[in-house]
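Chains as they are written, first to last, in our numbering: chain Y, 4 to 258; chain B, 4 to 258. Cβ coordinates follow ideal geometry from the N, Cα and C atoms, glycine included. No experiment lies behind these values; they were computed from the predicted model shown. Before any comments, here is the structure.
2 protein chains.
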Amino acid sequence: MRAEPGRSVTSKVLALLDAFSPATPALTLSELARRTGLPLPTAYRRAAELVAWGALERGDDGRYRIGLRLWEVGSLAPRGLGLRELALPVMEDLYEVTHENVQLAVRQDLELVFIERIAGRQAVPVLTRVGGRFALHATGVGLVLLAHAPVEVQEQVLAAPLERYTELTIIDPKRLRSYLAEVRRVGYAVSDRQVTMDALSVAAPIRVPEGVVAAISLVVAHDRADPVALAPLVQAAGRVVSRALSSSTPPRRLM
Amino acid sequence: MRAEPGRSVTSKVLALLDAFSPATPALTLSELARRTGLPLPTAYRRAAELVAWGALERGDDGRYRIGLRLWEVGSLAPRGLGLRELALPVMEDLYEVTHENVQLAVRQDLELVFIERIAGRQAVPVLTRVGGRFALHATGVGLVLLAHAPVEVQEQVLAAPLERYTELTIIDPKRLRSYLAEVRRVGYAVSDRQVTMDALSVAAPIRVPEGVVAAISLVVAHDRADPVALAPLVQAAGRVVSRALSSSTPPRRLM
Numbered sequence: 004m005r006a007e008p009g010r011s012v013t014s015k016v017l018a019l020l021d022a023f024s025p026a027t028p029a030l031t032l033s034e035l036a037r038r039t040g041l042p043l044p045t046a047y048r049r050a051a052e053l054v055a056w057g058a059l060e061r062g063d064d065g066r067y068r069i070g071l072r073l074w075e076v077g078s079l080a081p082r083g084l085g086l087r088e089l090a091l092p093v094m095e096d097l098y099e100v101t102h103e104n105v106q107l108a109v110r111q112d113l114e115l116v117f118i119e120r121i122a123g124r125q126a127v128p129v130l131t132r133v134g135g136r137f138a139l140h141a142t143g144v145g146l147v148l149l150a151h152a153p154v155e156v157q158e159q160v161l162a163a164p165l166e167r168y169t170e171l172t173i174i175d176p177k178r179l180r181s182y183l184a185e186v187r188r189v190g191y192a193v194s195d196r197q198v199t200m201d202a203l204s205v206a207a208p209i210r211v212p213e214g215v216v217a218a219i220s221l222v223v224a225h226d227r228a229d230p231v232a233l234a235p236l237v238q239a240a241g242r243v244v245s246r247a248l249s250s251s252t253p254p255r256r257l258m
Numbered sequence: 004m005r006a007e008p009g010r011s012v013t014s015k016v017l018a019l020l021d022a023f024s025p026a027t028p029a030l031t032l033s034e035l036a037r038r039t040g041l042p043l044p045t046a047y048r049r050a051a052e053l054v055a056w057g058a059l060e061r062g063d064d065g066r067y068r069i070g071l072r073l074w075e076v077g078s079l080a081p082r083g084l085g086l087r088e089l090a091l092p093v094m095e096d097l098y099e100v101t102h103e104n105v106q107l108a109v110r111q112d113l114e115l116v117f118i119e120r121i122a123g124r125q126a127v128p129v130l131t132r133v134g135g136r137f138a139l140h141a142t143g144v145g146l147v148l149l150a151h152a153p154v155e156v157q158e159q160v161l162a163a164p165l166e167r168y169t170e171l172t173i174i175d176p177k178r179l180r181s182y183l184a185e186v187r188r189v190g191y192a193v194s195d196r197q198v199t200m201d202a203l204s205v206a207a208p209i210r211v212p213e214g215v216v217a218a219i220s221l222v223v224a225h226d227r228a229d230p231v232a233l234a235p236l237v238q239a240a241g242r243v244v245s246r247a248l249s250s251s252t253p254p255r256r257l258m
């Protein structure tokens, strides 16, 4: 086998998958070629190989989409469906007693990824999407994940410009750093109108012995929110999921 | 670029992912090498490339697992999370009015894949796992998917030996063929103790203009089941999801 110069073969194959995103879930061949920088015939051949394996599916409209086989393999990720399966009963309990939005997220690099959510129908609308990403510095779950992230991660987030979603988003690195210390101290995070002006979220960590691996939150309408009353509820939920994670056999490391 | 002899580069890269399954979600390097037939150094290099992209994650225990990045990309599959997001509110409604198990499945080749399930806590225990596969000829959802599969798929399933899960599983191809015709005629399928002796399921198709793309079911304890009463409920749920699928913009083809 000859290594291709520059990038690895693997990364070239996977670059085709990178072309797909929540904003672009379906791509024509020429879009795929343009986004990957591949010549059209190469893009066609690689895409056909991915279709043959099931990583992509090609519709009647000629567009490529992510295939079910990739979803199946992805469902084996311990930090994806594995975590979700353990957390879902607890999330359902939180929903039953509050009828508010319940969210579950993990950190991936400098962002968070929503693993699951239960959307209350009468609850404040939230824009999160399972599998979607969001910044760490604004939401309740993000603040919990950032507060417990390795120092290098925190420094990278604090060093970059912080997007201001509302006038209440904390974008001053010094204030954010001190709030993260507060989150670690009290054991939960409150994001009060820091993402949208109508919502407040209260989030708590999910831990394994090695550290915090996920966060769980309630997102409620700002005007009917009592964070002090909600916090113990969310923290208890976090503890139940933490215990389920730690006791699952075989023991597994999630981060 | 030089093509590797025999298999495509893409299929060699993806073969590493094939080594993971619900039964083997975590693999050591030597297990990975053995399962892929690769020499240890090659397996190591390819695995490292997959880790760099995020398709795999390596834990403190040295084992490889499917990575969150792959779960993220997989979540873009229209037949996975896309379908699930549209169907979940309807599944929750079915659960609210019955407190029984609700399942959602699609066909992949000659099997079905469970896309979502809501497990009733007081309901009959079911062994399905989101992302898991099962045969088409025994469950309610499987019978619906098989009844509406292309003729070639039906012929392949009927030609192969059919596993007998219980004494009531239909394993005679002629009887199965005639039951599939019945499913198409009445618009729903009943699997009465054909998977386990305590459970009965009633399933209905989810359609787009091009055909049946998924099936939804209730799985209830055999001794308190009234399939004739449950069928209209499940069929109505199937119709609501069908309509949601067909009206989603941009229009998409799911199979």
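Item                                                                                                                                 : Value
Which residues DSSP lists as bridging residue 214 of chain B, in chain order                                                         : B/211
Other residues of its chain near residue 4 of chain Y: CB distance less than 7 Å, five sequence neighbours each side excluded        : Summary for residue 4 of chain Y: the model assigns pLDDT 40, below 50, so the residue's position carries little reliability; its value from the coordinates is reported in the next sentence. Once the five neighbours on either side are set aside, residue 4 of chain Y has no close Cβ partner at all.
Helix, strand or coil at residue 93 of chain B [DSSP, three-state]                                                                   : helix
At least three beta-carbon pairs within less than 8 Å, the segment 76-90 of chain Y to the segment 103-116 of chain Y                : yes
Bounding residues of the beta strand (DSSP E) (the contiguous stretch that carries residue 114 of chain Y)                           : 114-121
Spatial distance of residue 120 of chain Y from residue 143 of chain Y (CA atoms)                                                    : 14 Å
Validate contact between the segment 59-71 of chain Y and the segment 46-57 of chain B using beta carbons, cut 8 Å, 3 pairs          : no
Per-residue DSSP class, three states only, for residue 249 of chain Y                                                                : helix
Contact check, residue 160 of chain Y vs residue 149 of chain Y, beta carbons under 8 Å                                              : yes
Alpha-carbon to alpha-carbon, residue 134 of chain B and residue 211 of chain B                                                      : 22 Å
Sheet register partners of residue 224 of chain Y (DSSP bridge)                                                                      : Y/202
C-beta contact flag for residue 174 of chain Y and residue 182 of chain Y at 8 Å                                                     : no
Limits of the unbroken beta strand (DSSP E) element including residue 60 of chain B                                                  : 59-61
Listed by chain order, chain B residues near residue 75 of chain Y by CB distance under 7 Å                                          : 116, 134
Spatially closest choice to residue 30 of chain B from B/162, B/46, B/193, by CA coordinates                                         : B/46
Under 8 Å from the C-beta of residue 68 of chain B: neighbouring residues of chain Y                                                 : 79, 80, 81, 255
Closest residue to residue 209 of chain B among B/249, B/166, B/153, B/95 (Cα-Cα distance)                                           : B/249
Rounded straight-line distance, which links the Cα of residue 168 of chain Y to that of residue 140 of chain Y                       : 10 Å
Reference residue 82 of chain Y; option with closest CA among Y/59, Y/94, Y/115, Y/72                                                : Y/115
Interface residues of chain B facing residue 58 of chain Y [CB-CB closer than 8 Å]                                                   : 17
Three-way DSSP call (helix, strand, coil) for residue 108 of chain B in this model                                                   : strand
Whole-number beta carbon distance between residue 13 of chain Y and residue 16 of chain B, since they are thought to touch under 8 Å : 5 Å
Cβ neighbours of residue 35 of chain B in the same chain (closer than 7 Å, five flanking residues each side left out)                : 19, 22, 46, 50, 67
Outcome for residue 163 of chain Y when other beta-carbon atoms lying within 10 angstroms are tallied against a minimum of 16        : exposed
Three-state secondary structure assigned by DSSP to residue 49 of chain B                                                            : helix
C-alpha distance - residue 230 of chain Y paired with residue 216 of chain Y, whole-angstrom precision                               : 23 Å
Best match in B/243, B/207, B/203, B/138 for proximity to residue 2 of chain B [C-alpha to C-alpha]                                  : Residue coverage of chain B in this structure runs from 4 to 258, which leaves residue 2 of chain B outside it and unanswerable.
Reduced DSSP secondary structure (H/G/I, E/B, other) of residue 229 of chain Y                                                       : coil
Residue burial classification, residue 26 of chain Y (beta-carbon count within 10 angstroms, cutoff 16)                              : exposed
Length of the line joining the Cα atoms of residue 256 of chain Y and residue 218 of chain Y                                         : Low confidence applies here, because residue 256 of chain Y scores a pLDDT of 30, under 50, leaving its location unreliable; read the following figure in that light. Looking at the two C-alpha atoms, the distance is approximately 16 Å.
Within 8 Å, strictly: CB atoms of residue 80 of chain Y and residue 71 of chain B                                                    : yes
When Y/200, Y/92, Y/113 are compared against residue 154 of chain Y, the one with the closest alpha-carbon                           : Y/113
Nearest-angstrom Cβ-Cβ length linking residue 243 of chain B and residue 76 of chain B, presumed shorter than 8 Å                    : Wrong, their Cβ atoms sit about 29 Å apart, outside the cutoff.
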